[in-house]
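Trainee: Pasting in a structure now, in structure tokens, and then I'll have a few things to ask.
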Amino acid sequence: MSEELQNVNQHIEDLSAEEKEAILNDFNDFKNYLNEQLSKGKKLGLSDEFLAKSAKFVADHLAKNEEPRNREQKLLQEMWNVADEDAKKHIALVLVKMVQT
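Heads up, the sequence shown is in my numbering, so the first residue is 1400 and it goes up one at a time.
Take a look at the structure:
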């Protein structure tokens, strides 16, 4: 795992249960949080490719460790679970583009 992805993982692990719940409880809150994190990454000069890899990393984590809290998350989880690695990269890219609009 690259150092940058280790930093993403550390950030996820550092979130309290209350912070995770606040982010994941509402899909719009989740999108806003993801957009904020992507904006921070852009300001640090991270490439779109790296941001998409980070989004994929986070999506993998959520699919394995968190129960969906709304319909949108359930749909994303179902798509993620049937997708191959190439499709997951595309889903992550679409998610990045969606939250940046």
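Even for Gly, the Cβ is constructed at its ideal location relative to N, Cα and C. This one's a predicted model, so the numbers in the text were calculated from it and none came from an experiment.
For a minimum of 4 consecutive residues, which ranges assigned as the alpha helix (DSSP H) are wholly contained in the stretch 1408–1458?
Mentor: For the stretch 1408–1458, whole alpha helix (DSSP H) runs of length 4 or above, ordered along the chain, are 1416–1423 and 1426–1442.
Trainee: Counting only the same chain and skipping the five closest in sequence on each side, list residues whose C-beta sits under 7 Å from that of Leu1414.
Mentor: Start at 1 with the first residue of the sequence shown, and residue 1414 comes out as number 15. The answer is none, since no qualifying residue turns up.
Trainee: From the DSSP output, in three-state form, read off Arg1470 for me.
Mentor: In the sequence shown, the residue the question calls residue 1470 occupies position 71. Helix at Arg1470.
Trainee: What does the alpha-carbon distance come out to for the pair Lys1488 and Gln1405?
Mentor: Walking along the sequence shown from the start, residue 1488 turns up at place 89. Walking along the sequence shown from the start, residue 1405 turns up at place 6. Computed Cα separation, rounded: 19 Å.
Trainee: From Glu1402, Leu1494 and Glu1435, pick the residue whose C-alpha is nearest to that of Glu1471; which is it?
Mentor: Residue numbering aside, residue 1471 sits at position 72 when the sequence shown is read from its first letter. That would be Leu1494, whose Cα lies nearest to the Cα of Glu1471.
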